DNA sequence: CGGTAAGCTGACGGCATGACAGGACAAGTG
DNA sequence: CACTTGTCCTGTCATGCCGTCAGCTTACCG
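Chains as they are written, first to last, in my numbering: chain W, 13 to 227; chain L, 13 to 227.
Following this line, the structure appears as structure tokens:
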């Protein structure tokens with residue numbers, strides 16, 4: 013499928029090699045959660061993994077390269093977000109539930125992977141194509157579903173003609189991502205998690221359907 | 013007022029000192045726009061400013077400290093965003109215009125300062141209090157106005173009781189910020205700038221008033 | 001002019017980076 | 001069992017950035 017795992021100098025990695033490689037990724041992941049991206053050093057990751065910097069460089073060109081690897085793993089995992097929308101209705105009470113579940117699932121996913129997602133977001137914002145392709149890959153599952161929904165509602169005349177489905181969907185997804193990564197910020201702003209979710213769901217519902225939900 | 017500008021070792025900075033200090037800040041700012049945050053080195057900034065690394069450390073504890081300084085300057089400047097909302101109406105055609113101008117001004121501001129804002133966002137997401145206080149300071153002007161608006165509309169019964177003004181306003185502001193910093197991403201997604209703005213304005217209007225705008 | 005404080009830098013120990021060659025180890029072969 | 005092969009890891013090294021200090025230069029003021 014994805015081709016064999018290879019070291020930087022072209023050797024194919026065996027069982028043991030893959031294990032240390034994965035261990036390095038895990039330790040890097042942990043490191044990213046506990047200290048600022050800028051301060052994550054190869055030597056620390058290696059130490060934490062009980063190995064040497066040289067070993068790290070055998071598997072990854074640099075920290076960035078390793079982060080891309082982790083993010084890639086997460087991206088395939090994140091394709092599961094599609095389930096949140098597949099075959100769901102946006103009408104009546106069911107619509108309100110769809111919105112709620114989308115928000116819930118999305119925030120959950122983001123919370124679980126916040127450290128890597130922060131870095132991906134940064135890389136994307138800085139204009140690094142690899143990172144924002146990755147970001148798209150993660151968000152596309154949700155985004156595409158939303159685009160389809162809006163387009164469909166539009167063809168039925170339930171959404172105004174001059175709405176651009178891609179723009180609306182993209183903006184809503186960006187909102188979810190942003191709120192998710194600044195959840196702590198909201199708390200100091202005097203907004204509790206439990207209160208945040210229904211309000212987000214409301215905004216999503218309004219944006220997609222153009223109407224208030226019936227609860 | 014803000015107290016005199018001081019060097020790290022406590023001396024007060026004179027005219028010349030403040031000039032080099034500012035030059036270092038400018039060069040850092042430029043550097044941040046052209047290369048990834050992680051790769052910005054003190055030595056490069058110093059070289060670009062035609063001075064030595066030692067000089068840099070005379071004025072700032074580290075790169076982060078200097079970034080905070082730049083961000084602080086930008087934050088006071090960003091207080092001007094309040095104008096976008098002060099005394100504006102959210103009713104009828106005027107409401108639609110308010111939403112449009114808010115989006116416009118916000119995106120403009122973000123575009124102008126994207127490099128520093130990226131870093132502030134990262135710092136805030138990583139949980140650094142200094143950074144997210146700063147982020148709040150920047151966003152508060154807009155956010156507070158929006159909270160007030162929603163609260164007012166709510167007291168008039170034009171917005172549902174169970175809406176949390178702070179949550180809605182915060183989410184919309186987060187959306188604007190996120191979309192602004194990923195504008196390029198939208199372009200590759202097939203959405204043009206010009207199309208993006210009205211759709212954002214629509215979402216803002218819907219979120220604040222609960223109704224579609226009358227155009 | 002001389003004193004004082006501001007302003008700048010060369011130089012240095014310390015640490016991270018990234019490359020390499022060589023040693024340890026597991027697995028297969030005769 | 002000795003031998004071979006290929007994977008896997010690390011010691012070591014040159015290079016370059018970090019962050020600090022002592023000391024030199026420059027500006028200001030009486």
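Virtual Cβ for every residue (Gly too), placed ideally from N, Cα, C. This one's a predicted model, so the numbers in the text were calculated from it and none came from an experiment.
{"Query": "Check whether residue 161 (chain L) and residue 220 (chain L) have beta carbons under 7 Å apart", "Result": "yes"}
{"Query": "CB contact below 7 Å: residue 132 (chain W) versus chain L", "Result": "no"}
{"Query": "For residue 178 (chain W) and residue 202 (chain L), believed in contact at Cβ under 8 Å, the rounded distance", "Result": "6 Å"}
{"Query": "Residues of its chain near residue 117 (chain W), where Cβ-Cβ distance is below 7 Å and the 5 sequence neighbours each way are ignored", "Result": "93, 96"}
{"Query": "Beta carbon of residue 6 (chain W) nearer than 7 Å to that of residue 61 (chain W)", "Result": "What is shown of chain W runs 13 to 227, which leaves residue 6 (chain W) out entirely."}
{"Query": "Expected contact under 8 Å - CB spacing of residue 215 (chain W) and residue 183 (chain L) to nearest Å", "Result": "6 Å"}
{"Query": "Residues that residue 18 (chain L) bridges to, as DSSP identifies them", "Result": "L:24"}
{"Query": "Three-state secondary structure (DSSP) of residue 169 (chain L)", "Result": "coil"}
{"Query": "Residue 50 (chain L): contacting residues in chain W (beta-carbon distance under 7 Å)", "Result": "49, 50"}
{"Query": "Where residue 169 (chain W) falls, given that 16 or more other Cβ within 10 Å makes a residue buried", "Result": "exposed"}
{"Query": "Closest Cα partner of residue 38 (chain W) within the set W:127, W:156, W:123, W:50", "Result": "W:127"}
{"Query": "CB contact below 7 Å: residue 158 (chain L) versus chain W", "Result": "no"}
{"Query": "Residue-level contact to chain W via CB, residue 179 (chain L), 7 Å cutoff", "Result": "yes"}
{"Query": "Backbone secondary structure at residue 64 (chain L) - three-state DSSP", "Result": "coil"}
{"Query": "Proximity below 7 Å, CB of residue 115 (chain W) to CB of residue 213 (chain W)", "Result": "yes"}
{"Query": "Cβ neighbours of residue 51 (chain W) in the same chain (closer than 6 Å, five flanking residues each side left out)", "Result": "none"}
{"Query": "Residue-chain proximity (residue 215 (chain L), chain W), Cβ-Cβ < 7 Å", "Result": "yes"}
{"Query": "Residue 208 (chain W): contacting residues in chain L (beta-carbon distance under 7 Å)", "Result": "179"}
{"Query": "Between the CA atoms of residue 138 (chain L) and residue 133 (chain W) - distance to the nearest angstrom", "Result": "12 Å"}
{"Query": "Interface residues of chain L facing residue 142 (chain W) [CB-CB closer than 8 Å]", "Result": "Within chain L, no residue comes near residue 142 (chain W); the closest Cβ sits about 12 Å away, beyond 8 Å."}
{"Query": "Complete beta strand (DSSP E) runs within the region 181-225 of chain L (minimum length 3 residues, chain order)", "Result": "none"}
{"Query": "Residue 100 (chain W) - DSSP class collapsed to helix/strand/coil", "Result": "coil"}
{"Query": "Expected contact under 8 Å - CB spacing of residue 211 (chain W) and residue 155 (chain L) to nearest Å", "Result": "No, residue 211 (chain W) and residue 155 (chain L) are not in contact; Cβ-Cβ is about 14 Å, not under 8 Å."}
{"Query": "Buried versus exposed, by CB contacts within 10 Å (16 or more), residue 55 (chain L)", "Result": "exposed"}
{"Query": "Nearest-angstrom Cβ-Cβ length linking residue 218 (chain W) and residue 218 (chain L), presumed shorter than 8 Å", "Result": "5 Å"}
{"Query": "Three-state secondary structure assigned by DSSP to residue 175 (chain L)", "Result": "coil"}
{"Query": "Integer-rounded CB distance, given that residue 192 (chain W) should sit under 8 Å from residue 123 (chain W)", "Result": "7 Å"}
{"Query": "For residue 110 (chain L) and residue 63 (chain L), believed in contact at Cβ under 8 Å, the rounded distance", "Result": "Rounded, the Cβ-Cβ distance is 47 Å, inconsistent with contact."}
{"Query": "Buried versus exposed, by CB contacts within 10 Å (16 or more), residue 199 (chain L)", "Result": "exposed"}
{"Query": "Coil, strand or helix - residue 72 (chain L) by DSSP", "Result": "coil"}
{"Query": "Against chain W: residues of the region 187-201 of chain L by CB proximity under 7 Å", "Result": "187, 189, 190, 191, 193, 194, 196, 197, 198, 201"}
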